[in-house]
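Worksheet: one structure, shown below.
Numbering (the working numbering), first residue to last: 48 to 415.
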């Protein structure tokens, strides 16, 4: 079996789908792994490390894709890359399913089976394959650093010869993986941290990290779907959520938003009117910028100055820490491949609870 790892071509993408350690495990299991020259360089993994792990280096994308049974990528392929995928091969990558049917049709026409890493089911057996969680860990950590860097004040309380400085107040909206990492990082930096989530299970997790939980009457057992995500709220619930956030946000120095619903636009949780109540010099870091933003003023990839309040809409934050992000991403992909490879053969079974949930295209058909 031949597993190919091409260089990522999306601008500013520095991660690589498989790192040398994972490549070595696949080679020992009997797979032939082909890595495009330079594929891991931006993440800190030189070609020599891949060769030492048993990989074969390919000079360009054409040679990398040629003859592949499996192609492992971080970002979804471009139209040009999709044409390089061999007929009957398996693509494993982030796919942004539901955003654009053009790629799915192109892959189906080429009879490429595609597994979307965003669709790993939230079941115990698949936890070690959950790319969204591993990359959210990176994004949550970096979001706190981005916010701290943009603030015009220290996060911790400091007692100096010039007097004592009060600690900054940080508010994290959404206490999933990214939110909890943002809370932990802001706490380590010395901020006084509070957090909000509609899921009751989040309260204990937030408090265990030393942050205050912002209570609301919309917090209930029914707020969480069977996958563990917050479900979409009714209009009345949305209004009560907004009222809770509005009452708390006006006194905050740093706000980090992380609320997202898979397959849907991000919920709008901070209005322009709320931003207007915040102190000049305050900062909002919106981790949902790529899916529409939690803040009404967010612009993906931009920093908006709203009368002195900075609204930052970062994109692909995980890629800004490419070494550790790639290591975690690679472990997720390795575990998935180990699940798919049985007795040295690749088995793509739509009836399997993990594989079936992730399939976007298979045997010339669009699965979802």
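Glycine included, each C-beta is placed from N, C-alpha and C at the ideal position.
Taken atom to atom, the span from the alpha-carbon of residue 69 to that of residue 195 is near 34 Å. By the Cβ rule, the region 237–257 counts as touching the region 214–226, because three or more pairs are nearer than 8 Å. Contact between the region 49–67 and the region 111–120 is present, with at least three C-beta pairs closer than 8 Å. Following the DSSP letters along the chain, one finds residue 235 inside the alpha helix (DSSP H) bounded by residues 224–235. By the CB criterion at 8 Å, residue 303 and residue 134 fall outside the cutoff. Following the DSSP letters along the chain, one finds residue 218 inside the beta strand (DSSP E) bounded by residues 216–220.
Around residue 371, the same chain offers 185 as residues with beta carbons nearer than 8 Å, after the five sequence neighbours per side are excluded. Shortest Cα-Cα distance from residue 361 to any of 309, 305 and 169 involves 305. In the structure shown, residue 137 adopts extended strand secondary structure according to DSSP, grouped into three states.
Secondary structure of residue 210 (DSSP, three-state): strand. For residue 260, the pairing in a beta bridge is given by DSSP as 242. In the three-state scheme derived from DSSP, where H, G and I count as helix and E and B as strand, residue 104 is classed as strand.
Here the C-alpha atom of residue 410 lies approximately 34 Å from the C-alpha atom of residue 364. DSSP places residue 172 within a helical segment (H, G or I) once states are collapsed to three. The beta carbon of residue 156 sits closer than 8 Å to those of 411, all from its chain and outside the five residues before and after it, given in chain order. Apart from the 5 residues on each side of it in sequence, residue 136 sits with its Cβ closer than 8 Å to the Cβ of 115, 116, 117, 118, 159 and 160 in its chain, given in chain order. Each residue's CA atom was taken as its position, placing residue 203 and residue 297 some 20 Å apart.
Counting C-beta pairs closer than 8 Å gives fewer than three between the region 372–380 and the region 343–363, which falls short of the contact rule. Take the alpha-carbon of residue 129 and the one of residue 65: they are about 19 Å apart. Contact annotation: residue 102 and residue 84 have beta-carbon atoms that are not nearer than 8 Å. When secondary structure is reduced to three states using DSSP, residue 352 falls in the strand class. The beta carbon of residue 88 sits closer than 8 Å to the beta carbons of 94 from its chain, once the five residues preceding and following it are set aside; these are given in chain order. When secondary structure is reduced to three states using DSSP, residue 109 falls in the helix class. Below 8 Å, too few C-beta pairs join the region 249–256 and the region 320–340 to call them touching: fewer than three.
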